[in-house]
Amino acid sequence: MSLLVVGLSHRSAPVSVLERASLSADAKVKLLHDTLAAEPAAEATVLATCNRIELYADVDKFHAGVAELSTLLAQHSGVALEELTPYLYVHYEDRAVHHLFSVACGLDSMVVGEGQILGQIKDALALGQELHTAGRLINDLFQQALRVGKRAHSETGIDRAGQSLVTFGLEQLAGHAVPVGEWAAGKRALVIGAGSMSSLAAATLARVGVAEIVVANRTAERAERLAEILVASGTGVAARAVTMGAVADELTRVDVVVSCTGATGLVLTGDDVARAVEGDPMVPSQAGPADGSTGGGYAPGAGDASAAAPGLGAGTAGAATHGPGAGDGARAAVAVADAEVVARLVAAAEAGRRIADAGAARTIAPAPVATEPDGCPLGLDAPAGDGRSALTGVDATSLELHGTWADQGEAAAQRQPRRTVRSSVDAAAVRLALLDLAMPRDIDAAVHRIPRVRLVDIESLAEASADAPMAADVDAVRTIVADEVAAFGAAQRAAHITPTVVALRAMAAEVVAMEVARLDGRVPDLDERQRAEVTQTVRRVVDKLLHAPTVRVKQLASEPGGAGYAEALRELFDLDPQTVESVSRADAADPKNDDDPGRAS
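Residue numbers (the numbering used here): 129 to 729.
Shown next as structure tokens:
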């Protein structure tokens, strides 16, 4: 097994980078085709969600695989490789298995323990199967990941440690003064989009007690279908569908908006929201004072840096801007300045913003730099030159050591004081509550400056979830993951040697048949009973000679580093490599291997 995963997630990259690196449906298909066309990869699939983009592949060369997969991710995401590299992480073999199993259990989710990731893993497997890019390893891995995730949810209380992203987002909108059900009771909601996340949002809103849900979608039929399902759900919610052109009118009458579309641009701008609430007598006028200052209100198009940089308050607005190109100016200035890690941390601390140290996304609060951990012992925290050169020559063990350092950096960062959710408006005083679950974002981050408007988006959810208490059940899930990783590795290593053992026994059977035929020529007077007895005796001798070594070699092969035993067996018995390969192909083509128990539920 040579499993390799290259990716980035909310833990390794800021939201601005994740937004730009998001993959469309067509981009995922092209990425998988190009991955298989690349020399190092034999099979692959991609796991792309709001919070992560990960490319899984079975490769025969580690360094070539890392370089090729990183390059392909950059090409298909549209983010330059040298810019993307500092945010990428690499996992290989058992560490890659451990990563996917942790993801499946919700341990790596923005909201720990959420179960929606299982559906996304199932979709990733289905895409690989549909495109025929998922082979034996990817199928086994992802099906087992689904089983491990289900086991974690059924055997532990990991569900108590987290919830779905939708529920968590609604809790942030409601604040902590009242339960979500009390906050939502009687409200009118607008859901923009009719995909899986939007459908989940609509169902959650109906369950918590909103009075009416309006569904807007580019495809009217899907919006109408979702509205029909909501009405028939038995929750008592009123639901109807509207066109995207009616969204502006609906904004003036609803209390809550949840948006999650696949649009590449903004669905709701600051102007849209400002116009929707400006007629409310309780909302201050959006017009600035006579002296030309903004007066604390919202001034569309005024070049508001803090609005354009999610997560930055007014006091740090001048430190950075947000968006493609100029949006990452401060980060680029720091990275290209050929400064040491300490200088980067100082700059980040002064700006109070999020940076990534090649695999560990962290929020740096203004604090003495001495409290920060030392730089990566391998010097991978600040790669120089282009992204490919930064990864060249780094062996798997070193990358795992770097990953350990990155994890420690993340843990240290989580102990630092974190920012509160961007919109600090009292929930009771909110005229319009907005939940943006899209990546890239659907709603302009600048709307948080509009009076009595509350915005919660992916970035603010990430910051809020970092402060959520970790349940004791998380430790139990980690134990399950560790056990399952060991079992999966042992099974894969044992399966790797099976074709060699089968080929050895086939060669032994052929030798027996040849010797029995020779005996027939030398002793033609043997009757059938005698010939059968001699044949059986020879077979028993061969079986007994082969039994102990073949059983033992399977045991040894299941242990870490046991892959070499298959090669030793082939060399000792001079087995034909083509025979071994034909057994492997026949085994992989077995229809029983196409079963997918994880997709049945």
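Even glycine gets a Cβ: it sits at the ideal position worked out from N, Cα and C.
CB contact flag (residue i, residue j, <8 Å)
{"i": "G247", "j": "G241", "result": "no"}
{"i": "S205", "j": "I181", "result": "yes"}
{"i": "A366", "j": "A339", "result": "yes"}
{"i": "G69", "j": "D572", "result": "Because the chain in this structure spans residues 129 to 729, residue 69 falls outside the shown range and cannot be described."}
{"i": "V273", "j": "L228", "result": "Per the sequence shown, the amino acid found at residue 273 is Ala instead of Val. Contact flag set, yes."}
{"i": "V370", "j": "A317", "result": "no"}
{"i": "L697", "j": "T626", "result": "no"}
{"i": "A622", "j": "A685", "result": "yes"}
{"i": "T173", "j": "L160", "result": "yes"}
{"i": "A322", "j": "V343", "result": "yes"}
{"i": "A334", "j": "V294", "result": "no"}
{"i": "L131", "j": "E196", "result": "no"}
{"i": "L565", "j": "L632", "result": "no"}
{"i": "V134", "j": "V194", "result": "yes"}
{"i": "V575", "j": "V401", "result": "yes"}
{"i": "D236", "j": "R346", "result": "no"}
{"i": "V679", "j": "V640", "result": "no"}
{"i": "L146", "j": "M567", "result": "yes"}
{"i": "D585", "j": "C388", "result": "no"}
{"i": "A155", "j": "L212", "result": "no"}
{"i": "V306", "j": "V386", "result": "no"}
{"i": "R582", "j": "V609", "result": "no"}
{"i": "L136", "j": "Y215", "result": "yes"}
{"i": "A590", "j": "M238", "result": "yes"}
{"i": "V602", "j": "I249", "result": "no"}
{"i": "E612", "j": "V276", "result": "yes"}
{"i": "K315", "j": "V359", "result": "no"}
Reduced DSSP secondary structure (H/G/I, E/B, other) of residue i
{"i": "S421", "result": "Model confidence at S421 stands at a pLDDT of 39, short of 50, so the residue's coordinates are unreliable; what they give is reported in the following sentence. Here S421 sits in coil by DSSP."}
{"i": "R264", "result": "helix"}
{"i": "V395", "result": "coil"}
{"i": "S137", "result": "strand"}
{"i": "R316", "result": "strand"}
{"i": "R350", "result": "helix"}
{"i": "A305", "result": "coil"}
{"i": "E167", "result": "coil"}
{"i": "A339", "result": "coil"}
{"i": "L298", "result": "helix"}
{"i": "D108", "result": "The question about residue 108 has no answer here: the residues shown for the chain are numbered 129 through 729."}
{"i": "A367", "result": "strand"}
{"i": "L132", "result": "strand"}
{"i": "L183", "result": "strand"}
{"i": "T380", "result": "coil"}
{"i": "V207", "result": "coil"}
{"i": "A322", "result": "coil"}
{"i": "L151", "result": "coil"}
{"i": "A330", "result": "helix"}
{"i": "I249", "result": "helix"}
{"i": "A360", "result": "coil"}
{"i": "L235", "result": "coil"}
{"i": "I578", "result": "coil"}
{"i": "T678", "result": "helix"}
{"i": "T173", "result": "strand"}
Counted within 10 angstroms of its Cβ, other Cβ atoms place residue i as buried (16 or more) or exposed
{"i": "P579", "result": "buried"}
{"i": "L298", "result": "buried"}
{"i": "L200", "result": "buried"}
{"i": "P142", "result": "buried"}
{"i": "R264", "result": "buried"}
{"i": "Q683", "result": "exposed"}
{"i": "M325", "result": "buried"}
{"i": "A185", "result": "buried"}
{"i": "Q664", "result": "exposed"}
{"i": "R577", "result": "buried"}
{"i": "H675", "result": "exposed"}
{"i": "G649", "result": "exposed"}
Terminal residues of the beta strand (DSSP E) in which residue i lies
{"i": "E242", "result": "No beta strand (DSSP E) contains E242, which DSSP labels as neither H nor E."}
{"i": "H219", "result": "Y217 to Y220"}
{"i": "S387", "result": "V384 to S387"}
{"i": "L583", "result": "V581 to V584"}
Limits of the unbroken alpha helix (DSSP H) element including residue i
{"i": "L563", "result": "Unbroken run through L563 is the beta strand (DSSP E), L560 to D564; no alpha helix (DSSP H)."}
{"i": "I608", "result": "D601 to R650"}
{"i": "P214", "result": "No alpha helix (DSSP H) contains P214, which DSSP labels as neither H nor E."}
{"i": "P568", "result": "Per DSSP, P568 belongs to no alpha helix (DSSP H) and is neither H nor E."}
{"i": "E695", "result": "G692 to L700"}
8 Å Cβ cutoff, residue i in contact with chain D
{"i": "L235", "result": "Looking at the structure shown, chain D is missing, and only one protein chain is on hand."}
Three or more C-beta pairs closer than 8 Å, one from the region 389–397 and one from the region 348–357: is that the case here? no
Please confirm if the region 163–171 is in contact with the region 255–275, defined as three or more CB-CB distances below 8 Å between the two stretches. yes
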